[in-house]
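Colleague: The structure under discussion is supplied below as structure tokens; questions concerning it will follow.
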Amino acid sequence: MPNILIVAPILFPFILSALLFLNDWEEKTRNRWILWGIILNFFILIFNFSVLEVNRIHILKFNEFVDIYFKIDMIGIVFSLLVSFLWILTAFYSIGYMAHERKPNRFFIFFTATLGVTIGIALAGNLVTLYLFYELLTLFTFPLVIHAGNETALKAGYKYLIYSFTGATLSLFGMFMIYSQTQNLDFMPGGILNVINENEIFYYFTAYALTFCGFGVKAGLVPFHSWLPSAMIAPTPVSALLHAVAVVKSGIFALVRITYYIFGPALILMIKGNHFALALILITILTGSFLAIHQTNLKKRLAYSTISQLGYIMLGLVVFNPNSFTGGMLHMIFHALIKITLFFCVGAIMHITGKTEIHEIQGLGKQLPKLMWCFSLSAVALIGIPPTSGFVSKWYLATGGLQSGSFIIPVVLLLSALLTAGYLLPIITIAFFKPIPNGEPVYQEPLPFMLIPIMILTGIVLLIGLFPNPIINVLETIANTVI
Amino acid sequence: MELITSFPLAEIFILFISAFLMPFFKKDKHIKIISISFLLIAFILSVFTLMFVFQNGPFYYAAGHIDTILGIQLYIGPVEALLSFVFLFVFILVVWFSFSTIDAEIQENRIKLFYIMVNLLAASILGIIFTNDIFNGYVFIEVAALTSCGIVVVKETQENIKAALKYLIMSTIGSGLILMGIAFIYAFTGHLNIELIHQVVLEDHETFQKSLLITVALFTAGLGVKSAMFPLHTWLPDAHSSAPTASSALLSAIVLKAFAFFLIKILYRMIGFDLVNQFSILTIILILGCCGMIFGSLSAIFQKNIKRLIAYSSIAQMGYVFFGIGLGSPFGAAIAVYHMVGHAVTKSALFMCSGLMIEETGHKTIDRYKGLGHEMPITFALFTLGAFSMIGIPILPGFISKWYLSLECIHLDKLLLIFVVLSSSLLNAVYYFPILINGFFGIENLQDKEYRSKKVPVKKTIPIAILILAMILIGALSKNILDFISPEFGL
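So the sequence lines, in the order shown, correspond to chains A and B. The first sequence begins at 2 in the working numbering and counts up by one. The second sequence begins at 347 in the working numbering and counts up by one.
Printed below as a string of structure tokens:
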């Protein structure tokens, strides 16, 4: 097989986006193109993974550093499949959601292009390619963030840009430092920086701290998180994507790449980079949870919850224990599924009732039972009550933490689980147990375009909590190659 | 073979001759044809020169075959050949662009003068690049200074005359400093030829250590004024923003670079790497370069007028060049040259785009450009690509200069300097992005505004498109370009 096919799932969304840009299709035709295109892309991806023998391709090798290079490896497969699967559901949901919003065409042009960018991040074979797509991700999601087009949206957009570019610049600094030592930035399981001198510890520590903070900006690392709640101004499908898959998970994915495929666990332990990272991450988990409790806006509460949950994932990455790694990656997948469901539900509530505040949704559980049940089940899964999926990932995280001899990790996990319950359960109780206020109109359940993705996702969230083993097996294989 | 070695001189002569031919023609159309056709001939000759240097390496050419001690000598190495090639390329495209815009910008009876000045400028720039004789270089510098004032003042408004006077005064002071430097070096070496001076300097620099330092300082300050080294840049924003678009493009993209390149010649070929590193002058250049990178960008953030903004951005970009020079390593100088090449192409394209925007909207301030990306999509898309290079999106030349500069900083153990490079690149994003965002997404602001025209004719944007294409190529071929010019600096 020609290995040029590797780039097909990256290029195809761009072609689709260009088609949307060039043709002024009617709504129905457009929707058909988007849906079939995105579904087709998912199958191209699967086809690639199952058929291709050669798993790497150098697209453009200008010189030894500007080397656009894609490689298929296990973790890339996991991430890209997750992304493209969620993209299909988001596409269905967006078609329902955007039907009455302004400028749906522009939305879908950037929506499809972002899919290509994200898969590019997943399949990037070296840090430069990853960096390139990481910058592109900022550029392509920016129009989605400012989609509302008003002053607030533009301000949030600028904030997003400034944070993202500052972060990317920091990581670029780190990249310079690594590159000048290795002359090579290809990803290798276990890292490319194996042997270092004692007196270089500070140098590598700086490099790690810079790249970690840099990519941490997109991963919602406190104190670089403040763009994330502001970006809530975007339409809900975008918020869902930003939070659940595309942006923050790309940040996480980049962190995985630099931690396990560039620096390598052994080196980071030697330079004590994990202490630095761990401190920031624990702060992230707690700050996110505490701030979430104070939010009265539904989307904002979910946004801060994302920050805290991302903290869990990063926690799994810096303990350097196979269980923790598995737990972190599991939580990445589960959180993606759960958070996108929660956002879809909130978006549907806004879409149907126009309500955005928590105290406004009194009695909504009786009016929109299907929707609110989906919301509640996903919320329970996020809190981590057994036997839901959140419990499985947190279990792995906690055991990993204990195995590496750290008691603070399980304690913080438990505390934060309580806090998670503290900010999610009130939403459920208000919706289900408060009476419907007088004079409230009767609401219809959302359109099938919106409701079906939500129900499918809830189903998956529940199923995956009961039968997590196939995924755990895959992740454990990865964990054993990198640690 | 012998013939090709005379091409560089021929390029200079042809352009001078073309300038003297023009007064004999009456119609503007003929003048334009003469201007561009002679530039084209010079460009073709420069292509041959470049190929020749690529195959046979650097060569000397004694003008008039007089003995080198008395006569004027040209030296054409890879850098010289490359710069002359790129600069003539930009010259041709800017002149092509000016055909469709200059009529609207300056009075009709000044058009002839403008093209005479442009061709004289091109000739003198080539002279500065090729010459191996500092006094000869001085003559060309003076011609370049006067003609570049000329292409500013050719638009006769009060603003232009003020700006040109400021430029003229500062630039004359610069010339004076350079002349003093030449006098000094001649006094204690007895030579004007760069190579001969280098030999004398190498042999007994210890006897005139102080004088040598003064000379270098004089050259640095003199050429620093002309190439807008911070804090001697104050003339630049006025001159570049008030001039006709084509002039701004030439001044920003080419004239500044030629002087900076002459400084490289003085520092690295006349004095030599080893010796120059003993003086603190390089540190000063480095610090001033850093200041330029930061303050140029900071000032640009507060500019409302698009051409002033781009002019301040030029100061920042020249900061990169001085940064490269000031690193004091051969590779640093090579990156400085690479940055000149990349920036020459990018900045001229940006100025030309901004010229079209001003022409089509009738406004100079950027807050009027909201939604412009929908009004003139091609121009704005080209502007976006150029701005991306300035910001430092990978593969484009701006990114590559930054990358290599940062690597060189690490190599020289000057880690903190990377902060300067990266923060300057962030600052670039801070002032370019709002323009792009407002252009593409600020469409709400279009409603109660009427633009005079909906679309720019394609033929006006072709030269810009070619420049942007060249910019991408320069980015893509960065490795080859650097490999080609590095031997010049002893790598």
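Glycine included, each C-beta is placed from N, C-alpha and C at the ideal position.
(1) Verify the CB distance criterion: does L171/A have a CB-CB separation below 9 Å to chain B?
(2) Using a Cβ cut-off of 7 Å, pull out every chain A residue sitting near A775/B, in sequence order please.
(3) Can you list the residues of chain B that S181/A reaches, using a CB-CB cut of under 7 Å?
(4) Taking 9 Å as the CB-CB cut-off, is L768/B touching chain A?
(5) Can you have a look at T553/B and say buried or exposed, based on whether 16 or more other CB atoms are within 10 angstroms of its CB?
(6) Say whether chain A places a C-beta atom closer than 9 Å to the C-beta of S771/B.
(7) Taking the alpha-carbon positions, what's the L463/A to F177/A distance?
(8) Along the chain, which unbroken stretches of the alpha helix (DSSP H) at least 4 residues long are found entirely within the region 236-290 of chain A?
(9) T115/A to T142/A, Cα distance in whole Å?
(10) Taking the CB atoms as reference points, tell me whether F779/B and Y159/A lie closer together than 9 Å.
(11) By Cβ distance, which residues of its chain are closer than 8 Å to R798/B, with the 5 residues on each side in sequence left out?
(12) Run down chain A in chain order and give the residues with a C-beta less than 7 Å from the C-beta of F779/B.
(13) If you follow the beta strand (DSSP E) that A589/B is part of, which residue opens it and which one closes it?
(14) Who are the Cβ neighbours of I452/B in its own chain at under 8 Å, not counting the five residues just before and after it?
(15) Below 8 Å on the Cβ atoms is my guess for F43/A versus I89/A; work out the distance and round it to an integer in Å.
(16) Can you say whether F760/B is buried or exposed, counting buried as having 16 or more other CB atoms within 10 angstroms of its CB?
(17) Compare the C-beta of T354/A against all C-beta atoms of chain B and say whether one is closer than 9 Å.
(18) State the Cα-Cα distance for the pair T478/A and M330/A, rounded to the nearest angstrom.
(19) Does A337/A pass the burial test, meaning 16 or more other C-beta atoms within 10 Å, or should it be called exposed?
(20) Whose CA, out of K273/A, F86/A and K29/A, lies closest to the CA of L41/A?
(21) Confirm, please, whether the CB-CB distance from Y666/B to W581/B is below 9 Å.
(22) Run through DSSP, which three-state label would K556/B get?
(23) Which runs of the beta strand (DSSP E) spanning at least 3 residues fall entirely within the region 491-571 of chain B, listed in chain order?
(24) For P740/B, go through chain A and note every residue whose CB falls closer than 8 Å to its CB, in chain order.
(25) When you compare the CB of F765/B with every CB in chain A, is at least one pair closer than 9 Å?
(26) Could you tell me if L281/A is buried or exposed, where buried requires 16 or more neighbouring beta carbons within 10 angstroms of its beta carbon?
(27) What does DSSP give as the partner residues of I422/B in its beta bridges?
(28) For M817/B and L742/B, which I take to be in contact (beta-carbon distance under 8 Å), what is that distance rounded to the nearest angstrom?
(29) Measure from the C-beta of M178/A to each C-beta in chain B and report whether the shortest distance is under 9 Å.
(30) Who are the near neighbours of S694/B in its chain, counting only those whose CB is closer than 8 Å to its CB and skipping five residues on each side?
(31) With DSSP as the reference, label F71/A as helix, strand or coil.
(32) Can you list the residues of chain B that F491/A reaches, using a CB-CB cut of under 8 Å?
(33) Note down, in chain order, every chain B residue with its Cβ under 8 Å from the Cβ of P144/A.
(34) Rank A490/B, L696/B and I528/B by C-alpha distance to the C-alpha of K572/B and give the top, closest one.
(35) Can you tell me which of N185/A, D68/A, I359/A and K395/A puts its alpha carbon nearest to the alpha carbon of V469/A?
(36) Spell out whether any CB of chain A is found under 9 Å from the CB atom of L386/B.
Modeller: Considering the structure as presented:
(1) Here residue 171/A refers to the residue found at position 170 when the first sequence is read from its first residue. Closer than 9 Å: yes.
(2) In the second sequence, the residue the question calls residue 775/B occupies position 429. Listed along chain A, the residues sitting closer than 7 Å to A775/B by beta-carbon distance are F166.
(3) On the first sequence, position 180 is the one that residue 181/A refers to. Chain B residues near S181/A: L753, I756 and H757.
(4) Sequence index remark: in the second sequence, residue 768/B carries index 422 (1-based). Output row for L768/B: interface = yes.
(5) Translated into positions along the second sequence, residue 553/B becomes position 207. Its Cβ having fewer than 16 others within 10 Å, T553/B is exposed.
(6) Translated into positions along the second sequence, residue 771/B becomes position 425. Under the Cβ criterion of 9 Å, S771/B is counted among the residues facing chain A.
(7) The count along the first sequence starts at 1 and reaches residue 463/A at position 462. The count along the first sequence starts at 1 and reaches residue 177/A at position 176. Distance between the alpha carbons of L463/A and F177/A is about 44 Å.
(8) 237-241, 247-257 and 266-272
(9) Here residue 115/A refers to the residue found at position 114 when the first sequence is read from its first residue. Here residue 142/A refers to the residue found at position 141 when the first sequence is read from its first residue. The straight-line gap from Cα to Cα measures roughly 7 Å.
(10) Along the second sequence, one-based indexing puts residue 779/B at 433. Along the first sequence, one-based indexing puts residue 159/A at 158. Yes. Within cutoff.
(11) Sequence index remark: in the second sequence, residue 798/B carries index 452 (1-based). With a pLDDT of 47 at R798/B, under the threshold of 50, the predicted position of this residue should be treated as unreliable, though the coordinate-derived value follows. For R798/B, same chain residues with a beta-carbon under 8 Å away, outside a window of 5 residues either side, are E706, T707 and G708 in chain order.
(12) Locating residue 779/B in the second sequence gives position 433, where the first residue counts as 1. Neighbours of F779/B on chain A, chain order: L162.
(13) Taking the first residue of the second sequence as 1, we reach residue 589/B at position 243. Looking at the DSSP string, A589/B is not in any beta strand (DSSP E), and its letter there is neither H nor E.
(14) As a position in the second sequence, residue 452/B is number 106, starting the count at 1. Excluding positions up to five away in sequence, the list reads F460, V500, K501, E502 and P590.
(15) Along the first sequence, read from residue 1 onward, the residue named residue 43/A stands at position 42. Along the first sequence, read from residue 1 onward, the residue named residue 89/A stands at position 88. Between I89/A and F43/A the Cβ distance is about 6 Å, and since that is below 8 Å, they are a contact.
(16) For the purposes of this step, residue 760/B is taken as residue 414 along the second sequence, with counting starting at 1. It should be noted that the sequence gives Lys, not Phe, for residue 760/B. Exposed: under 16 other Cβ atoms inside 10 Å.
(17) Numbered from 1 along the first sequence, position 353 holds the residue referred to as residue 354/A. Taking Cβ atoms only, chain B never reaches closer than 9 Å to T354/A, which makes this a no.
(18) Here residue 478/A is taken as the residue at index 477 of the first sequence, counted from 1. Here residue 330/A is taken as the residue at index 329 of the first sequence, counted from 1. Those two C-alpha atoms are separated by around 12 Å.
(19) Mapped onto the first sequence, residue 337/A falls at position 336. Result: buried.
(20) For the purposes of this step, residue 41/A is identified with residue 40 of the first sequence, where counting begins at 1. Looking at the Cα atoms, F86/A is the closest of the given residues.
(21) If you number the second sequence from 1, residue 581/B lands on position 235. If you number the second sequence from 1, residue 666/B lands on position 320. Cβ distance not < 9 Å, so W581/B and Y666/B don't count as in contact.
(22) Working through the second sequence from its first residue, we reach residue 556/B at position 210. DSSP places K556/B in helix when its eight states are reduced to three.
(23) none
(24) Mapped onto the second sequence, residue 740/B falls at position 394. By Cβ distance, chain A contributes V67, V129, Y132, L133 and E136.
(25) As a position in the second sequence, residue 765/B is number 419, starting the count at 1. Yes, because at least one Cβ of chain A sits closer than 9 Å to the Cβ of F765/B.
(26) For the purposes of this step, residue 281/A is taken as the residue at position 280 of the first sequence. Classification for L281/A: buried.
(27) For the purposes of this step, residue 422/B is taken as residue 76 along the second sequence, with counting starting at 1. BP columns for I422/B point to F405/B.
(28) Counted from its first residue, the second sequence places residue 817/B at position 471. Counted from its first residue, the second sequence places residue 742/B at position 396. With 8 Å as the limit, M817/B and L742/B qualify as a contact, their Cβ atoms being about 7 Å apart.
(29) Reading the first sequence from its first residue, position 177 is the one you call residue 178/A. Yes, because at least one Cβ of chain B sits closer than 9 Å to the Cβ of M178/A.
(30) By one-based count along the second sequence, residue 694/B stands at place 348. Excluding residues within five positions, the ones whose Cβ falls inside 8 Å are V436, L439, V440, A595, L596, S598, A599, I600 and L813.
(31) To locate residue 71/A, count along the first sequence from 1; it is residue 70. Residue state, collapsed to three classes: strand.
(32) Because chain A here runs from 2 to 484, residue 491/A falls outside it and cannot be looked at.
(33) Mapped onto the first sequence, residue 144/A falls at position 143. Here the neighbours are F786 and F787.
(34) Translated into positions along the second sequence, residue 572/B becomes position 226. Out of A490/B, L696/B and I528/B, A490/B has the C-alpha closest to the C-alpha of K572/B.
(35) The sequence position of residue 469/A within the first sequence is 468, counting from 1. Checking the sequence, you will find Pro at residue 469/A rather than Val. Nearest C-alpha to P469/A: K395/A.
(36) Sequence index remark: in the second sequence, residue 386/B carries index 40 (1-based). Nearest CB-CB separation between L386/B and chain A: not below the 9 Å threshold.
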